[in-house]
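Undergrad: One line per chain: the protein sequences are D, C and E, in this order. For the first sequence, my numbering assigns the number 1 to the initial residue and increments by one for each residue that follows. For the second sequence, my numbering assigns the number 316 to the initial residue and increments by one for each residue that follows. For the third sequence, my numbering assigns the number 620 to the initial residue and increments by one for each residue that follows. Using N, Cα and C, we set each Cβ at its ideal position, and we do this for glycine too.
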Amino acid sequence: MNVRVAGVERIVKRLSGLRRVRRAGGSEFAIETLIRVLGFSTIGFVLLIFLFLLREGIPVFFETTLDNLFGQQWYPTFDLLGTLPILLGSMLVTVTAIAIALPLGVLTAVFIREVAPEWTRDVLKPIIEVLAGIPSVVLGFFGMTVLAPFLRESLGIPTGLTAFTGALLLAYMALPTIISVAEDALDAVPKGYRDAALAMGATEWQTIWRVVLPAARSGVVTAVMLGMGRAIGETMAVMMVTGNAARMPLSLDSLFRPIRTMTATIAAEMGEVAQGSVHYHALFGVGIILFVLTFGINLMAASAILKKRRRGGLR
Amino acid sequence: MPSRLSAVWLVLLRALFLLALLVIIPLLSGCARSRPTGVQAVSGTSPETIENKGSDTIVNVALAWAEDYVREYPEVRISVTGGGSGTGIAAMINGTVDIANASRQMKPEEINAAEANGISPKEFIIAQDAIAVVVNPSNPVDKLTIQQISDIYTGKITNWEQLGGEDRPIVLLSRESNSGTYVYFLENVIRMGEDSDLLFAPDTLLMPSSEGISAEVRQNPNAIGYDGLGYVTPDQKMVAIAESADGPYVLPSVDAVNDGSYPISRPLYMYTAGEPSGQIKAYLDWILTDGQQLVLELGFVPLR
Amino acid sequence: MNRHLSQRIGFGFTALVTLVVVAPILLVVGIIVVRGIGTVNWEFLTAMPRDGMKAGGIFPAIVGTLILTVGTALVAIPIGIGGAIYLSEYARDNWLTRAIRLAIVNLAGIPSVVYGLFGVALFVIFLQFGTSIVAGSLTLALMTLPIVISTAEEALRVVPVEFRTVSASLGGTTWQGVRRVVLPQALPGIITGVILGLLRAAGETAPILFTVAAFYLPRLPSSPLDQTMALPYHLYVISTQVPGMPIGVQYGTALVLLALVLSMNIVATIIRSYFRRRRQW
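(1) When you compare only the Cα positions, how much space is there between V800 (chain E) and S41 (chain D)?
(2) Rounded to a whole number of angstroms, what is the C-alpha to C-alpha distance between N432 (chain C) and G57 (chain D)?
(3) Looking at the structure shown, is W601 (chain C) part of a helix, part of a strand, or coil, going by DSSP?
(4) What three-state label does DSSP hand A832 (chain E) in the structure shown?
(5) Taking contact to mean at least 3 C-beta pairs separated by less than 8 Å, is the segment 92-110 of chain D in contact with the segment 173-187 of chain D?
(6) Any beta carbon from chain C within less than 8 Å of A274 (chain D)'s own beta carbon?
(7) Runs of 3 residues minimum, wholly inside the segment 358-400 of chain C: which ones carry the beta strand (DSSP E) assignment?
(8) Buried or exposed for Q747 (chain E), going by 16 or more other Cβ atoms inside 10 Å?
(9) Pick from E:V856, E:G796 and E:E773: whose alpha carbon is nearest that of E781 (chain E)?
(10) Only counting the same chain, and skipping five residues up and downstream in sequence, which positions put a Cβ closer than 7 Å to that of G143 (chain D)?
(11) Do you know how far the Cα of L53 (chain D) is from the Cα of P697 (chain E)?
(12) In chain order, what residues of the segment 255-284 of chain D put their CB closer than 8 Å to some CB of chain E?
(13) Output needed for T460 (chain C): all residues of its chain with C-beta closer than 8 Å, excluding positions within five of it in sequence on either side, in chain order.
(14) Contact between the segment 851-863 of chain E and the segment 671-688 of chain E is defined here as three or more beta-carbon pairs at a separation below 8 Å; is this criterion met?
(15) Quick check on the burial criterion: 16 or more other C-beta atoms within 10 angstroms. Buried or exposed for W380 (chain C)?
(16) Closer than 8 Å by beta-carbon distance: list the chain C residues that pair up with F142 (chain D), in chain order.
(17) Using DSSP's beta-bridge definition, name the partner residues of D444 (chain C).
(18) Taking V646 (chain C) as the reference, which of E:L850, E:P851 and E:G863 has the closest Cα?
(19) Quick one: which chain C residues come within Cβ less than 8 Å of N68 (chain D)?
(20) From R36 (chain D) to L839 (chain E), what distance separates their C-alpha atoms?
(21) Rounding to the nearest angstrom, what Cα-Cα distance links P341 (chain C) and A530 (chain C) in this structure?
(22) Check the Cβ-Cβ distances between E129 (chain D) and every residue of chain E, and say whether any is below 8 Å.
(23) Measuring straight from C-alpha to C-alpha, what distance separates S634 (chain C) and A30 (chain D)?
(24) Which residues, taken in chain order from the segment 73-96 of chain D, show a beta carbon closer than 9 Å to some beta carbon of chain E?
(25) I need the boundaries of the beta strand (DSSP E) containing A542 (chain C), first residue and last residue.
(26) Going by DSSP, name the residue or residues bridged to V486 (chain C).
(27) Give me the Cα-Cα distance between I719 (chain E) and Q869 (chain E), rounded to the nearest whole angstrom.
(28) Using C-beta distances below 7 Å, list every residue in its chain close to V224 (chain D), excluding the 5 sequence neighbours before and after it, in chain order.
(29) Beta-carbon of S769 (chain E) versus every beta-carbon of chain D: anything under 8 Å?
(30) M522 (chain C) bridges to which residues according to DSSP?
(31) Let's test the definition: count the other Cβ atoms within 10 Å of the Cβ of F45 (chain D) and tell me whether it reaches 16, buried, or not, exposed.
(32) So if DSSP puts K458 (chain C) in a beta bridge, which residue, or which two residues, is it bridged to?
(33) Which chain E residues sit within Cβ distance under 8 Å of L378 (chain C)?
(34) Among E:L624, E:V813, E:V648 and E:S751, which has the Cα closest to the Cα of E772 (chain E)?
(35) At a cut of 8 Å, does the segment 64-80 of chain D reach the segment 140-155 of chain D through at least three beta carbon pairs?
(36) To which residues of the same chain is M306 (chain C) closer than 8 Å at the C-beta, ignoring the five residues directly before and after it?
See below:
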């Protein structure tokens, strides 16, 4: 490996500002300690967040019964704290969102990486990055004023504020993540695989479908998990378009009925709780559930990525 | 050239860090000093900022009052926030607000909680409000009894056909549980003032605020909603209400509230932490007298 | 079926799907621009709101967002870059480093509303800052931290190891190498990451809902302990809570927020590609 001559010259020039060789001592030590502290601070923050959530959330287990907490009725102002409807609500919306986003995302990644000519990439990637940058509240606003009425009229459902509307918005919000991870997964497939398939007479499409995608399987799974983590934590967009009805989504048509998610519940009710009340503790309890869920999902996704990097290849 | 450019970047970065230090240090020392000494020290930073928080029903009137009052007395600062009656009352209990707006009365346990924190809430009635039941203008149904409304909202009646309307499912709209309007509607309409444990049907859409209800009602022919009279826009249709099936069916209006013929109307409240004094007292006195003109303009019922 | 025909169909299908993905993005931006541009003029951007916020401008919301963004930057940048330097230059491959990386992944995944909860519990209530710019900025900074650390570390990592070895061989300590050689090289990447993190902070609503945002303030905030209005919260409030709000004002506010966020995105992209071309390796 070569070092560019210009680079070395510049380094020498910059370091020649040193009058003498200094050992790590004094101010150098202070700075390095500071950096070390800043490095460890992230662990500290995670622990702090978890601790505070626990501190404010655990009391709810002592203030009300487990029957209540795992019940089907969420009317917190009347001391009914059944978390099942909102738990299932979050699940329904997230799963639907991923079911929509995954095929859309993977096929788009295939198009960008494998099918489309090089120049289209420079057009498409920025547009997808725009999507990643649109604030949640703006998408929620759009969903409320344009998407919900449209869905109500075109699908003939009672109201456009449904789990499906929320899932649709979430799917689009998760797409940039999924597309990017899927692209990386496709890239990681060794050229040898493709060459071998083509040498055996397969068309490019057959190669993609039968060789490349299966080889990128684990990357796709990672994309799913990261997308899920993103979707389950989304607040404003779902709050504005799902109708916020704490309804048990037990049948298939619940998809086209209003639903209430855990995140919307916290955002909608946090302002009204008196500190230290049962409702206050219950909301922190819901926060703990969200924290643990997203931690678990992201942990799985991250360990999958790290394992792949270490093994240096596929699967 | 490249090295000079990155040198420039470094200088900028250094300057930014120094600036940050210069700002952060006085900031932190300022915070340490102005921390409230006790729960009674309610209004945050400066004594002339009146923190006003609570009911979304009252928030527009509160906003209009604040704008008008500050025009007359520019040295006063008033900050207005919504969030629902529950939010304002919680803030009162936590000691973080000067005036709490509520479209329902504080419950006894809330008053106890406040007193446990050393705060004695003082109640003021600042206006009256009629609760209008609204439907989409294309909906042929134009009168309902309170019993029918209760059955609709508990899920017993699910199709407009059952009320003489078209064959359409009924979509229930409500305010969120932190709204005083929600609580008032539950206690006085759904439970009809009796001691029952009826609840809103779980299908009920809980909208973030009045405008959420309006937005859905004005474009969805299946919808039914309820809200303060001041929030009913001309593109919604109000339903005439009767206490029983023999009527009389009355549409909500200022007169109907004042002569008692409209069955669902209620007072609107402001609570202060203890007996008000100084700026807060002056503001409240103004609200109860000069401010009433704005009440009428905004569609509420002024005090007599 | 002919293999080549099925290839054509397959390729066409992926193109169709890409269209389904890309077209709505343009549609959303387009609709907001078209319906909002009529309202956005100089007065809208610089005047205080009047008439129950239905007229006048959204100046205090814009200023509030800028203040919160600066506050976030002040906290997230030093901690984030420091952490990134540690991970990239000092950390060894042991369980502690793995724990730090795990913590970062965790922080990145926490829902924004849970940050809001934490912000209320710690900054508003426990540390008694009340609903204030300080509380809001600290909450947003915590949320932005993982983004800054990740992108900064990536930017540092990309600098070839030769830069460091040459520096060390000339007698520089690790910190001297970082400060004088590696950091300047990585700076554009770091700045890009910081801007991307800040644009996320500027657009978030849930963390500021209960830590700083106010519905109406007659004057601009004058101290870090004041509340402030903010664009995302303002859009949320005027689209869901103010009756009779002209739809043009709502779209106008959405447009301003979108424009702010997108322009930060563009700046970051320009910085990234400009410096990528002028890289010394």
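TA: On the basis of the data shown:
(1) Rounded to whole angstroms, the separation of the alpha carbons of S41 (chain D) and V800 (chain E) is 25 Å.
(2) A straight-line Cα-Cα distance of about 21 Å links N432 (chain C) and G57 (chain D).
(3) helix
(4) strand
(5) yes
(6) yes
(7) 364-369 and 392-398
(8) exposed
(9) E:G796
(10) T165, L169, A237, M240 and V241
(11) 26 Å
(12) Flagged, chain order: T263, I266, A267, M270, G271, Q275, L283 and F284.
(13) I556, A557, E558, S559 and A560
(14) Judged by Cβ distances under 8 Å, the segment 851-863 of chain E makes contact with the segment 671-688 of chain E, as three or more pairs qualify.
(15) buried
(16) The premise fails here: F142 (chain D) is roughly 13 Å from chain C at the closest Cβ pair, so nothing lies under 8 Å.
(17) D444 (chain C) is bridged to C:R581.
(18) Lying outside 316 to 619, the shown extent of chain C, residue 646 (chain C) is not represented and no answer is given.
(19) The contacting residues do not exist; N68 (chain D) stays about 14 Å from chain C at best.
(20) 39 Å
(21) Any reading at P341 (chain C) needs caution, since the residue's pLDDT is 43, under 50, leaving its predicted position unreliable; the model's value is listed next. If I take the Cα positions, the gap works out to 47 Å.
(22) yes
(23) With chain C represented from 316 up to 619, any question about residue 634 (chain C) goes unanswered, as that position is not in the structure.
(24) none
(25) In the sequence as presented, Ala is not what sits at residue 542 (chain C); that position holds Asp. First-last of the beta strand (DSSP E) with D542 (chain C): A538 to G543.
(26) C:A538
(27) 42 Å
(28) I98 and L102
(29) no
(30) C:R490
(31) buried
(32) C:A555
(33) The CB of L378 (chain C) comes closer than 8 Å to the CB of G671, M672, F834 and Y835 in chain E, given here in chain order.
(34) E:V813
(35) no
(36) Because residue 306 (chain C) is not part of the residues shown, which for chain C are 316 to 619, the question remains open.
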